[in-house]
Amino acid sequence: MQILALDTSTEYCSVALWQDGEVISHCELVGQKHSEILMPMLDKLLHEAGVKVADLNGIAFGMGPGSFTGVRIACGVAQGLALGANLPVVGICTLEALAEGAGKPKVIAALDARMSEVYHAAYIKQNDVWMNASEPFLCKPDDAPPLEGKDWFGAGSGFATHGEQLKLQYTNNLKGVDETAIPQAAAIAMLGAARFAAREGVDAAQALPLYLRDKVALKTSEREAR
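Quick note: the sequence shown, position 192, residue 922 per the working numbering, numbers continuous.
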């Protein structure tokens, strides 16, 4: 089985190819240039692997949460490629991708959502499957949900931007933190392969972003109040 994966939910752009358990990937800091970089990066990856889009069994993409524009780009490109080659797709939550990439069994995933908020979720791996200890949602760092037990690992830019509040919230839970961790296509490829193996792929037209927020900026009065 061959699964193509991509993610543009943060300032990084990443692509990966899963081939029967082996993953090759590329990741690059691109700022706001995802629309310029993504397709050449995908072409390069497929050329290196000697694979054509028609050879794929499915496409996985980072469905969000994350940058509104970035999430839309990933969804649109996945849909376009899948429609052209009649392939199924799966959307992978970027917070779950953070957990997968962390390499720990208990992960608090937090991405900076701007506007003094974070995208937050907590996962526990059981039998190689991530289970939600806390569903993905948008919250203030001080309102992050309590978690039971110790040995939790914090991952994501939420810990870089709001580390003090989150670490205070989880004083008795955290074993370690990687505030530089980002959702990457390599993790999305691994998660996507498992979803396709379970026949969870859907028609490209059904691919949808996960935003968690309808509002992208504060009003002037709201900024002044803060």
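Note that CB positions come from ideal geometry on N, CA and C, so glycine has one too.
Predicted, not measured: the structure shown is a model, and the values here were computed from it.
Checklist entry - From Leu817, Met861, Glu930, pick the residue whose C-alpha is nearest to that of valine 837; which is it? => result Met861
Checklist entry - According to DSSP, which residues form a beta bridge with glutamine 732? => result Gln749
Checklist entry - Quick one: what's got a C-beta closer than 7 Å to glutamine 895's C-beta in the same chain, skipping five residues either side? => result Pro871, Asp872
Next on the checklist: Residues in the same chain with beta-carbon distance under 8 Å from glutamate 954, minus the five sequence neighbours each way, listed in chain order, please.
Outcome noted: Note on glutamate 954: pLDDT 44, under 50, position unreliable in the model; no value is reported.
Next on the checklist: I need the straight-line Cα distance from alanine 735 to alanine 923, nearest angstrom please.
Outcome noted: 9 Å
Item to check | glutamate 865, DSSP secondary structure in three states | outcome: strand
Next on the checklist: Could you give the first and the last residue of the continuous beta strand (DSSP E) run that contains alanine 790?
Outcome noted: 788-794
Checklist entry - Using a C-beta cutoff of 9 Å, does glutamate 758 count as contacting chain C? => result Looking for chain C here will not work: only one protein chain is present.
Next on the checklist: For alanine 852, list the residues DSSP reports as bridge partners.
Outcome noted: Ile838, Ser864
Item to check | Whether tyrosine 849 touches alanine 863 by CB criterion (9 Å) | outcome: no
Checklist entry - What number of angstroms, rounded off, separates the C-alpha of phenylalanine 889 from the C-alpha of glycine 831? => result 16 Å
Next on the checklist: Is glutamate 826 near the ligand SAM - that is, is its Cβ less than 8 Å away from at least one heavy atom of it?
Outcome noted: With respect to the ligand SAM, the structure shown offers nothing to examine, as it has no ligands at all.
Item to check | C-alpha distance - serine 951 paired with histidine 892, whole-angstrom precision | outcome: At serine 951, the pLDDT of 39 sits below 50, so the modelled position is not reliable; the number obtained from the coordinates is stated separately. C-alpha separation (whole angstroms): 23 Å.
Checklist entry - What is the rounded straight-line gap between the Cα of lysine 945 and the Cα of methionine 793? => result Residue confidence is low: lysine 945 scores 46 on pLDDT, short of 50, so the model does not pin down where it sits. No coordinate-derived value is stated.
Item to check | Three-state secondary structure (DSSP) of histidine 764 | outcome: helix
Checklist entry - Distance, Cα to Cα, leucine 877 vs alanine 851? => result 11 Å
Next on the checklist: Within 10 Å of its beta-carbon, does methionine 731 have 16 or more other beta-carbons around it, so buried, or fewer, so exposed?
Outcome noted: exposed
Checklist entry - Using the rule of at least 16 other Cβ atoms within 10 Å of the residue's Cβ for burial, across every protein chain shown, is arginine 929 buried or exposed? => result exposed
Item to check | Outcome for alanine 935 when other beta-carbon atoms lying within 10 angstroms are tallied against a minimum of 16 | outcome: exposed
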